[in-house]
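Using our numbering, the first residue of the sequence shown is number 895, and each one after it goes up by one. Following: one structure in structure tokens, then a few remarks.
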Amino acid sequence: QVFTSVASFAALKEGGAVVAWPDKLPDSTVRQLAAGVRELCSSSGAWAALKEDGSVVTFGNPYSGGDSRKAADQLTEGVVELTSNSGAFAALKSNGSVVTWGKAEYGGDSRQVAHGLSEGVV
895 QVFTSVASFA ALKEGGAVVA WPDKLPDSTV RQLAAGVREL CSSSGAWAAL
945 KEDGSVVTFG NPYSGGDSRK AADQLTEGVV ELTSNSGAFA ALKSNGSVVT
995 WGKAEYGGDS RQVAHGLSEG VV
């Protein structure tokens, strides 16, 4: 499968490897994307890769969700679905909670509704 964002492409290969272009990815990200990816999701300039183990790898423009460090501790396991808009991502976890990251004005900061996203989302 080949996916697109506003300014880049990513291909998901057999075995779950990801090839992204035209931006050069850091070696550490390339290693994380070498196998086991089952889903890709893009914002306008960033990507989130859902791995078979339920973890998420992000890359691309840090201002469009490519930097998930603020949510990283919640993206190491248990993610079952990803979705995005042009500036932020949301991850549904197996426990029914939702984790967000990216531009606050696009929903990347969901603290105001955290009580409604902590459980029971299907």
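Using N, Cα and C, we set each Cβ at its ideal position, and we do this for glycine too. In this text the structure is predicted, and so the values were computed from the model without any measurement.
Could you tell me the boundaries of the beta strand (DSSP E) in which residue i lies?
i      : result
LEU986 : 982-987
THR898 : 896-898
LEU976 : 973-978
VAL950 : 950-954
LYS945 : 940-945
Looking only at its own chain, which residues have a Cβ that is under 6 Å from the Cβ of residue i, when we skip the five neighbours before and after it?
i      : result
SER978 : CYS935 and SER937
Hey, residue i and residue j: beta-carbon distance below 7 Å or not?
i       : j      : result
PHE953  : LEU976 : no
SER958  : TRP995 : no
ALA942  : PHE983 : yes
VAL973  : LYS987 : yes
ASP921  : SER902 : no
GLU1013 : GLY990 : yes
GLY981  : ASN955 : no
LYS945  : GLY960 : no
Since residue i and residue j are thought to touch, with beta carbons under 8 Å apart, how far apart are those beta carbons, to the nearest angstrom?
i      : j      : result
VAL950 : LEU969 : 4 Å
GLY910 : ARG932 : 6 Å
LYS907 : VAL900 : Wrong, their Cβ atoms sit about 23 Å apart, outside the cutoff.
Provide the residue span of the alpha helix (DSSP H) that contains residue i, from first to last.
i       : result
ALA1008 : 1008-1011
THR994  : Note, THR994: premise wrong, no alpha helix (DSSP H); beta strand (DSSP E) at 992-996.
VAL912  : Run containing VAL912: none in the alpha helix (DSSP H); it sits in the beta strand (DSSP E), 912-915.
ARG932  : Per DSSP, ARG932 belongs to no alpha helix (DSSP H); it is in the beta strand (DSSP E), 931-936.
Could you check if residue i belongs to the surroundings of the ligand GDP, using beta carbon to heavy atom distance under 6 Å?
i      : result
ALA901 : Absence of the ligand GDP is noted for the structure shown, with no ligands found whatsoever.
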